[in-house]
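Participant:
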Amino acid sequence: MNYVLLNPVSVETLLVVVAIVAVLAVAFAVFIVLVSKLCAVPEDEKTEKIKEQLAGANCGGCGYAGCSDFAKALAEGKADISKCGPTPAANKAAIAEILGIPFAAGEEKIAVVHCSGGSACKDKFEYVGNGDCGAQAAFMGGKKACSFGCLGGGTCVKGCIYGAINVENGVADTNRALCEACGVCVKNCPKHIIELIPKSAKVYVACSSECKGREVTEVCANGCIGCGICAKFCPEKAITLSDNLPVIDYKKCSGCLTCAAKCPRKCIKVL
Numbered sequence: 231m232n233y234v235l236l237n238p239v240s241v242e243t244l245l246v247v248v249a250i251v252a253v254l255a256v257a258f259a260v261f262i263v264l265v266s267k268l269c270a271v272p273e274d275e276k277t278e279k280i281k282e283q284l285a286g287a288n289c290g291g292c293g294y295a296g297c298s299d300f301a302k303a304l305a306e307g308k309a310d311i312s313k314c315g316p317t318p319a320a321n322k323a324a325i326a327e328i329l330g331i332p333f334a335a336g337e338e339k340i341a342v343v344h345c346s347g348g349s350a351c352k353d354k355f356e357y358v359g360n361g362d363c364g365a366q367a368a369f370m371g372g373k374k375a376c377s378f379g380c381l382g383g384g385t386c387v388k389g390c391i392y393g394a395i396n397v398e399n400g401v402a403d404t405n406r407a408l409c410e411a412c413g414v415c416v417k418n419c420p421k422h423i424i425e426l427i428p429k430s431a432k433v434y435v436a437c438s439s440e441c442k443g444r445e446v447t448e449v450c451a452n453g454c455i456g457c458g459i460c461a462k463f464c465p466e467k468a469i470t471l472s473d474n475l476p477v478i479d480y481k482k483c484s485g486c487l488t489c490a491a492k493c494p495r496k497c498i499k500v501l
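For the sequence shown, the residue numbers in the working numbering are 231 to 501.
1. Taking its Cβ as the centre, do 16 or more other Cβ atoms sit within 10 Å of aspartate 327, making it buried, or is it exposed?
2. Hey, out of His344, Glu448, Lys281, whose CA is closest to aspartate 301's CA?
3. For the beta strand (DSSP E) containing leucine 426, list its first residue and its last residue.
4. What are the residues that DSSP puts in a beta bridge with proline 476?
5. Would you give the residue range spanned by the beta strand (DSSP E) that isoleucine 498 belongs to?
6. Can you give me the Cβ contacts of glycine 443 inside the same chain, cut-off strictly under 8 Å, excluding the 5 residues immediately before and after it?
7. From the DSSP output, which residues share a beta bridge with tyrosine 434?
8. First and last residue of the beta strand (DSSP E) that includes valine 401?
9. Exposed or buried, which one is lysine 374 when buried takes at least 16 other CB atoms within 10 Å?
10. If the criterion is Cβ atoms closer than 9 Å, does the pair valine 435 and cysteine 497 meet it?
11. For alanine 334, which of Val358, Tyr294, Asn321, Thr277 has the nearest alpha-carbon?
12. Leaving out the 5 sequence neighbours to the left and right, which residues in its chain are closer than 7 Å to alanine 252 when beta-carbon positions are compared?
13. To the nearest angstrom, how far is it from the Cα of threonine 488 to the Cα of phenylalanine 463?
14. The beta strand (DSSP E) with alanine 341 in it runs from where to where?
15. Given a cut-off of 9 Å on the beta-carbon distance, is the pair cysteine 376 and cysteine 441 in contact?
16. Excluding five sequence neighbours on each side, which residues of the same chain lie with their C-beta closer than 6 Å to the C-beta of glutamine 283?
17. For the candidate residues Ser349, Lys388, Asp299, whose alpha-carbon lies nearest to that of valine 414?
18. Give me the Cα-Cα distance between alanine 249 and valine 263, rounded to the nearest whole angstrom.
19. Tell me which residues share the same chain as phenylalanine 355 and place their Cβ nearer than 7 Å to its Cβ, disregarding the 5 neighbours each side in the sequence.
20. Taking the CB atoms as reference points, tell me whether cysteine 483 and alanine 431 lie closer together than 9 Å.
21. Skipping 5 residues on each side, what residues in its chain have a beta carbon closer than 8 Å to that of alanine 305?
22. When you compare the region 465-474 with the region 416-427, are there three or more beta-carbon pairs, one atom per stretch, that lie closer than 8 Å?
23. Pick helix, strand or coil for cysteine 386, following the three-state DSSP scheme.
24. Helix, strand or coil for lysine 276 per DSSP?
25. If you run the structure through DSSP and keep just helix, strand and coil, what is glutamate 410?
26. With C-beta atoms as the reference, is glycine 364 less than 9 Å away from threonine 385?
27. Pick out whichever of Glu337, Ala461, Gly453 has its Cα sitting closest to the Cα of leucine 315.
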């Protein structure tokens, strides 16, 4: 018994079907364009003016997806212009004028890494896996014997669009000439050891360990032992100890570099 599964289709019928599909496609395209035009939400003029004044880095350091979202949030009074590091003070003043709010330029800042361990800090185990700092930190806090130390995975390097951070000898460091203080590295560091400090600062503490001296020396050759010599010899009394670490009051610091010279562990670095 013979079965006919499909009837033969003529070329003319096939061409008619193709033509109908093409016409429908064009009709839907025109319909979509018309709807998008008629239903489009007009761009807020204030938002556009603010966006023109922003640096345009789209780095995300402000906490928003990009400059467009940040401009919209500013226009709606939901954001603070000081959260944008890369935008120059003059542009921030222009944005404040658009918003009709007072503006006082804050001091320019740069990022520093509060660690100088790296290869000078012992490892508690050999880590094999994703080298990202976040992945390392998720596994027993990372391989470093110092639980406060830089993991050297370069997450901060990957996130910096200005190329202002590199990893040398297993520890991250910032190039102050390239840093725009966007704050992305501060947000991304799982150890929370990167901070924005005044650009005028002359020194910073390159350690984050809150452990006592003996514990520090057992695991790291560069770690702060909390001896307090820096605070004792600071002529401006700009240094105090908190959790076994020096804390620098940059409003008092004169930049005499006495602390850096006196530090027996050389963990107060000169900028």
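Note that beta-carbon positions come from the ideal geometry of N, C-alpha and C, so glycine has one too.
Facilitator: On the basis of the coordinates in this document:
1. A small fix is needed here, since residue 327 is glutamate in this sequence, not aspartate. Exposed: under 16 other Cβ atoms inside 10 Å.
2. In the sequence as presented, aspartate is not what sits at residue 301; that position holds alanine. If we check each option's Cα against that of alanine 301, Lys281 comes out closest.
3. 424-428
4. Leu471
5. 498-500
6. Ile455, Gly456, Cys457, Asn474
7. Lys499
8. 401-404
9. buried
10. yes
11. Asn321
12. none
13. 7 Å
14. 339-343
15. yes
16. Asn321, Ala324, Ile325
17. Lys388
18. 21 Å
19. Lys373
20. yes
21. Asp274, Lys276, Thr277, Ile280, Leu329
22. no
23. helix
24. helix
25. coil
26. yes
27. Strictly speaking, residue 315 in this sequence is glycine, with leucine absent from that position. It is Glu337 whose Cα lies nearest to the Cα of glycine 315.
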